[in-house]
Structures are given as C-alpha cells and as structure tokens.
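Asker: Under the numbering used here, the first residue of the sequence shown carries the number 802, and numbering increases by one thereafter.
Where is the CB? At the ideal position from N, CA and C, for every residue including glycine.
Have a look at the structure that comes next, please.
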Amino acid sequence: MKMSSREILLAGITGMVALFGVSYLLAVPRIKDWSVLRDKREEAQRRIDLTQRLIEQAPAWDVKLKELRRRLPQYAPEKDVTADLMIRIEKMASASGLTLASRDLEKETRSAEMYELAANCKWEGKLEPLVQFLFALQQEDAILDVSQLTVAPNEKRILKGSFTVYCSYSRAKAGGSTDKNEPKGQQP
Numbered sequence: 802m803k804m805s806s807r808e809i810l811l812a813g814i815t816g817m818v819a820l821f822g823v824s825y826l827l828a829v830p831r832i833k834d835w836s837v838l839r840d841k842r843e844e845a846q847r848r849i850d851l852t853q854r855l856i857e858q859a860p861a862w863d864v865k866l867k868e869l870r871r872r873l874p875q876y877a878p879e880k881d882v883t884a885d886l887m888i889r890i891e892k893m894a895s896a897s898g899l900t901l902a903s904r905d906l907e908k909e910t911r912s913a914e915m916y917e918l919a920a921n922c923k924w925e926g927k928l929e930p931l932v933q934f935l936f937a938l939q940q941e942d943a944i945l946d947v948s949q950l951t952v953a954p955n956e957k958r959i960l961k962g963s964f965t966v967y968c969s970y971s972r973a974k975a976g977g978s979t980d981k982n983e984p985k986g987q988q989p
C-alpha cells in the first residue's frame, strides 16, 4: 500500500502530537518533582546559612549569657525565695500605686543551673499605675518578667486583671560561701 504525501504528512503530525502528549504526560510529574526538590534545597540552604550565622554568633551569646547569670541573684540551696519575691513584687506594686488583691505562688522550677518561681497575682488600679508597675518590672533585666497579663475595665474606671510574674535566680552550690539570708549579686 502506497501512502500519499497528504497521508504521510497527517501520519507525521499525528505521530508528533502523540509523541508530544506522551512526553508531556511523563515530563510534568518530573518537572513538579524538580520544582519541589529545588524549593527544599533552597530552604535547606537558608537553614544552613541561618545555622552558620548562629554558630558565628555563639561567642557573643555566651558572653551575654555569662553577664546575665552574673546579674542574677544567688541564694543558698536551702533558702526559701518566695518571701523575697513577694516582698519585691509588693514594693513595686505599692510604689507604682497598683493594688494587689491576691497572690499565689507556684512551685519552683529548675532548668540546668537556673531556677524560676512564678507568682500569679490579681490586681486593681488605673492604667498609669499599671504601666509604671510594668516599667519597673522591665527595669529588672532578666530577673523579673511578666506574662499572661489580663485587663478588664469596670464602671468606676478602675481596671482589674491578673498577671504572672516569673522570677529567675540561681542557687549557690553546696558548700558555697553565700550568706543564707541575703542573695549574692543584685539585691531583690
């Protein structure tokens, strides 16, 4: 059977369309896979770059950590810190004009050489004393930190709410020369 030039042309075009269609069906998933792999490679490179920058900054962070640890108050291993923390919070609150309605202390937690004690407080006052109290807490560096602050107004324009103050400190090693009544370093 002899094919005319028109049939040969149509067969060639059909073959090319079929070849293109099969190539497209086989190539599209591969192209998507390559795109996903390229995105993963770029993300991995960003993480590597970030990790490298953090590694390069490690000495500076170690210096800052040592400085913060040096500024933390240090108590004797058996000293109960709760009274000191409550006195400190009460003084700051009364100095700023904020009224603490109740205080509830949580159990002391330990993380490596650092200790933390949380005090949940309910308060009343106007906005300005609250801001002054929060500012006074902020001036304590890493020693005192407030979180979970809630504020609710009432009809007398007095605000009420609660907050949690976290106190960070360290303990002297057993046999250390720290006085049992006073913290070493910054006074509470």
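1. In angstroms with no decimal places, state the Cα-to-Cα distance between K867 and A973.
2. Per DSSP, S963 forms a beta bridge with which residues?
3. Would you kindly work out how many angstroms separate the C-alpha atoms of D834 and V823, rounded to a whole number?
4. With DSSP run on the structure shown, which of helix, strand or coil describes R839?
5. Kindly list the residues whose CB is nearer than 7 Å to the CB of E914, restricted to its own chain and excluding five residues on each side of it in sequence; keep chain order.
6. Out of R911, L873 and L960, which has the shortest C-alpha to C-alpha gap to T900?
7. For A937, collect the residues of the same chain with a Cβ closer than 8 Å to its Cβ; drop the 5 residues on either side in sequence, then sort them by chain order.
8. Using 8 Å as the Cβ pair cut-off and three pairs as the minimum, do the segment 920 to 927 and the segment 947 to 965 touch?
9. Would I944 and L873 be called neighbours here (beta carbons separated by less than 8 Å)?
10. Find out if the Cβ-Cβ distance for the pair L935, V947 is shorter than 8 Å.
11. For E983, I'd like the list of residues in its chain whose CB is within less than 6 Å of its CB, leaving aside the five on either flank, ordered along the chain.
12. Label P930 either buried or exposed according to how many other C-beta atoms from any shown protein chain fall within 10 Å of its C-beta, with 16 as the threshold for buried.
13. Verify whether the separation of the beta carbon atoms of M887 and R904 is less than 8 Å.
14. Take the Cβ of V882 as the centre, count every other Cβ of all protein chains shown within 10 Å, and call the residue buried at 16 or more, exposed below.
15. Measuring alpha carbon to alpha carbon, tell me which residue in S969, E956, E925 and R958 is nearest L950.
16. Alpha carbon to alpha carbon, how far is R871 from E891? Give it in angstroms, no decimals.
17. What is the DSSP secondary structure of M915, counted as helix, strand or coil?
18. Where DSSP assigns a beta bridge to L928, which residues make up the other side?
Answerer: Judging by the given coordinates:
1. Sequence index remark: in the sequence shown, residue 867 carries index 66 (1-based). Sequence index remark: in the sequence shown, residue 973 carries index 172 (1-based). K867 and A973: Cα-Cα distance of roughly 15 Å.
2. Your numbering for residue 963 matches position 162 in the sequence shown. DSSP output for S963 lists K923 and T951 as bridge partner(s).
3. As a first step, residue 834 is located in the sequence shown; it is residue number 33 there, counting from the start. As a first step, residue 823 is located in the sequence shown; it is residue number 22 there, counting from the start. Approximately 18 Å between the Cα atoms of the pair.
4. The residue given as residue 839 occupies position 38 in the sequence shown. DSSP places R839 in helix when its eight states are reduced to three.
5. Taking the sequence shown and counting its residues from 1, the one referred to as residue 914 is at position 113. Around E914: S971.
6. In the sequence shown, residue 900 corresponds to position 99, counting from 1. The option with the nearest alpha carbon to T900 is L960.
7. Translated into positions along the sequence shown, residue 937 becomes position 136. If we look at A937 and ignore the five residues flanking it on each side, its Cβ neighbours are M893, A896 and S897.
8. yes
9. Residue mapping note: residue 944 aligns to position 143 of the sequence shown, counting from 1. Residue mapping note: residue 873 aligns to position 72 of the sequence shown, counting from 1. It is a contact, given that the beta carbons lie within the stated cut-off.
10. Within the sequence shown, residue 935 is the residue found at index 134, counting from 1. Within the sequence shown, residue 947 is the residue found at index 146, counting from 1. Yes; because the gap between Cβ atoms is below 8 Å, this pair is in contact.
11. Translated into positions along the sequence shown, residue 983 becomes position 182. Low local confidence applies: a pLDDT of 44 at E983 is under 50, so the model's placement there is unreliable, and no value is given.
12. The residue given as residue 930 occupies position 129 in the sequence shown. With 16 or more other Cβ atoms within 10 Å, it is buried.
13. The count along the sequence shown starts at 1 and reaches residue 887 at position 86. The count along the sequence shown starts at 1 and reaches residue 904 at position 103. In this structure, R904 lies closer than 8 Å to M887 by Cβ.
14. Within the sequence shown, the letter at position 81 stands for residue 882. Buried, by the Cβ-count rule.
15. Counting from one through the sequence shown, the residue named residue 950 turns up at place 149. Nearest C-alpha to L950: E925.
16. On the sequence shown, position 90 is the one that residue 891 refers to. On the sequence shown, position 70 is the one that residue 871 refers to. C-alpha separation (whole angstroms): 25 Å.
17. Position 114 of the sequence shown, counted from the start, is the residue given in the question as residue 915. DSSP places M915 in strand when its eight states are reduced to three.
18. Indexing the sequence shown from 1 puts residue 928 at position 127. BP columns for L928 are empty, so no partner.
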